[in-house]
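Engineer:
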Amino acid sequence: MTDTIQEVQETSFATMPISDKVQRAVADQGWEVPTPIQALAMPGLLDGDDVVGLAQTGSGKTAAFAIPLIESLDGKPRGVQALVLVPTRELASQAATEISSLSKYNPVRPVVLCGGVGIGPQIKALKSRSTSVVVGTPGRILDHLQRGTLRLNGVRYLVLDEADRMLDMGFAPDVGRILSHTPEKERQTALFSATMPGEIRGMVKRHMRSPRYLTVESEAPTVDTVEQVYYRMDGRDKTRALRALIDAEKDPVTIVFRRTKHGATKLHRQLERDGYKA
Numbered sequence: 020m021t022d023t024i025q026e027v028q029e030t031s032f033a034t035m036p037i038s039d040k041v042q043r044a045v046a047d048q049g050w051e052v053p054t055p056i057q058a059l060a061m062p063g064l065l066d067g068d069d070v071v072g073l074a075q076t077g078s079g080k081t082a083a084f085a086i087p088l089i090e091s092l093d094g095k096p097r098g099v100q101a102l103v104l105v106p107t108r109e110l111a112s113q114a115a116t117e118i119s120s121l122s123k124y125n126p127v128r129p130v131v132l133c134g135g136v137g138i139g140p141q142i143k144a145l146k147s148r149s150t151s152v153v154v155g156t157p158g159r160i161l162d163h164l165q166r167g168t169l170r171l172n173g174v175r176y177l178v179l180d181e182a183d184r185m186l187d188m189g190f191a192p193d194v195g196r197i198l199s200h201t202p203e204k205e206r207q208t209a210l211f212s213a214t215m216p217g218e219i220r221g222m223v224k225r226h227m228r229s230p231r232y233l234t235v236e237s238e239a240p241t242v243d244t245v246e247q248v249y250y251r252m253d254g255r256d257k258t259r260a261l262r263a264l265i266d267a268e269k270d271p272v273t274i275v276f277r278r279t280k281h282g283a284t285k286l287h288r289q290l291e292r293d294g295y296k297a
């Protein structure tokens with residue numbers, strides 16, 4: 020590790036070295052004071068340093084890398100200059116939306132490359148010389164590289180977001196292949212992860228240059244603030260058990276997560292049939 024910064028200095032977006040156009044977009048969001056991870060990561064990224072940030076989902080890390088990303092673009096039609104890798108299609112969409120919001124006064128329109136949707140419109144978008152930012156999942160990014168529809172030799176700003184999740188999903192080999200298509204010496208890299216296992220440290224050592232390691236000390240892990248209970252049961256009993264829990268807890272609002280969209284839709288229909296407002 021080069022250094023670890025945990026103490027967050029009081030600051031505001033207005034005092035950061037950000038262009039007027041991005042300042043206007045930030046103001047339109049209603050933001051005045053950066054979150055801890057933004058306050059820690061943005062100065063280094065704006066200075067051109069590599070950064071490793073330990074941050075949870077919902078900490079504001081997308082803006083932490085998106086604002087410096089926008090500032091890194093030179094505005095010239097020279098192909099893809101920035102690449103953001105994320106583990107899922109949903110995260111790709113969210114990151115692209117935030118980049119678009121923060122670049123509303125700049126000619127930046129990120130292209131999203133992920134599976135589950137047709138590849139034709141993606142290829143068409145990549146043919147535009149104005150495409151400077153790509154956000155996508157490793158599998159589809161690698162697909163485009165193999166097809167020759169995407170070139171990354173002009174990438175100057177690279178983000179690996181939710182890196183631990185990408186490794187958990189088996190994307191480590193794909194990420195390595197993708198990074199081999201980018202210019203290592205000219206590339207600035209930002210990596211964000213909720214945890215720092217050995218495989219992530221190895222990735223940092225192989226692909227990053229003297230990065231700043233940033234940890235927000237005040238961010239409390241979920242286990243300290245939420246009571247967690249799990250039940251082991253046969254899959255056929257889950258819906259009945261869920262109904263029993265909802266009835267027993269009597270909370271006004273309950274959030275249920277399912278692994279797939281199909282599973283969520285099926286459960287929604289079952290609960291509605293049983294008289295629950297879902």
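Quick note: to get our numbering, add 19 to the position in the sequence shown (first position is 1). Here a beta-carbon is modelled for each residue, glycine too, at the ideal position from N, C-alpha and C.
1. Grab the span of the alpha helix (DSSP H) containing L59 for me, first residue to last.
2. For the segment 125-139 against the segment 151-167, are there 3 or more C-beta pairs whose distance is under 8 Å?
3. Does the segment 168-179 touch the segment 195-206, meaning 3 or more C-beta pairs lie closer than 8 Å?
4. Quick check: what's the CA-CA separation for T81 versus L286?
5. Assuming L186 contacts I219 under a Cβ cut-off of 8 Å, what Cβ separation, rounded to an integer in Å, is found between them?
6. Which same chain residues end up closer than 7 Å to V52 when comparing Cβ atoms and leaving out the 5 residues on each side of it in sequence?
7. Would you list the one or two residues that DSSP bridges to T76?
8. Since L88 and I118 are thought to touch, with beta carbons under 8 Å apart, how far apart are those beta carbons, to the nearest angstrom?
9. What's the gap between the Cα of S91 and the Cα of F211?
10. In the DSSP assignment, what are the bridge partners of A101?
11. Identify the residues that DSSP records as bridge partners of T208: which are they?
12. Report buried or exposed for Y176, applying the criterion of at least 16 other Cβ atoms within 10 angstroms of its Cβ.
13. Quick one, are the C-beta atoms of L73 and V235 less than 9 Å apart?
14. Can you tell me the Cα-Cα spacing of M61 and S38, whole angstroms?
15. I think I160 touches L104, with their Cβ atoms under 8 Å apart; what is that distance to the nearest whole Å?
16. Per DSSP, what kind of secondary structure is R128 in: helix, strand or coil?
17. Using CA atoms only, rank isn't needed, just tell me which of L110, M222, G134, G98 is closest to T150.
18. Does DSSP classify H170 as helix, strand or coil?
19. For R231 and P157, I'd like the C-alpha separation in whole angstroms.
20. Skipping 5 residues on each side, what residues in its chain have a beta carbon closer than 6 Å to that of M188?
21. Compute the Euclidean distance between the alpha carbons of R148 and V130, then round it to the nearest angstrom.
22. Residues in its own chain within less than 7 Å of A191 by CB, not counting five upstream and five downstream?
Structural biologist: On the basis of the supplied data:
1. 55-65 is the extent of the alpha helix (DSSP H) around L59.
2. Under the Cβ criterion (8 Å, minimum of three pairs), the segment 125-139 counts as touching the segment 151-167.
3. Contact between the segment 195-206 and the segment 168-179 is present, because at least three Cβ pairs lie under 8 Å.
4. Answer to the nearest angstrom: the Cα atoms are 31 Å apart.
5. At roughly 7 Å, the Cβ-Cβ gap stays under 8 Å, so L186 and I219 are in contact.
6. Once the five neighbours on either side are set aside, the close Cβ partners of V52 are S31.
7. Among the bridge pairs identified by DSSP, T76 is matched with none.
8. The C-beta distance from L88 to I118 rounds to 7 Å, short enough to fall under 8 Å.
9. S91 and F211 have their alpha carbons spaced roughly 18 Å apart.
10. Beta-bridge analysis with DSSP links A101 to V152, Y176.
11. Answer by DSSP bridge pairing, in chain order: L177.
12. Label assigned to Y176: buried.
13. At a Cβ-Cβ threshold of 9 Å, L73 and V235 count as neighbours.
14. Looking at the two C-alpha atoms, the distance is approximately 13 Å.
15. So it is a contact: roughly 7 Å between Cβ atoms.
16. R128 falls in the coil class under three-state DSSP.
17. The option with the nearest alpha carbon to T150 is G98.
18. The question names His, but residue 170 in the sequence shown is Arg. R170 falls in the coil class under three-state DSSP.
19. Note on geometry: alpha-carbon atoms of R231 and P157 lie some 24 Å from one another.
20. Excluding positions up to five away in sequence, the list reads P106.
21. Going by C-alpha positions, R148 is about 12 Å away from V130.
22. The beta carbon of A191 sits closer than 7 Å to those of E218, all from its chain and outside the five residues before and after it, given in chain order.
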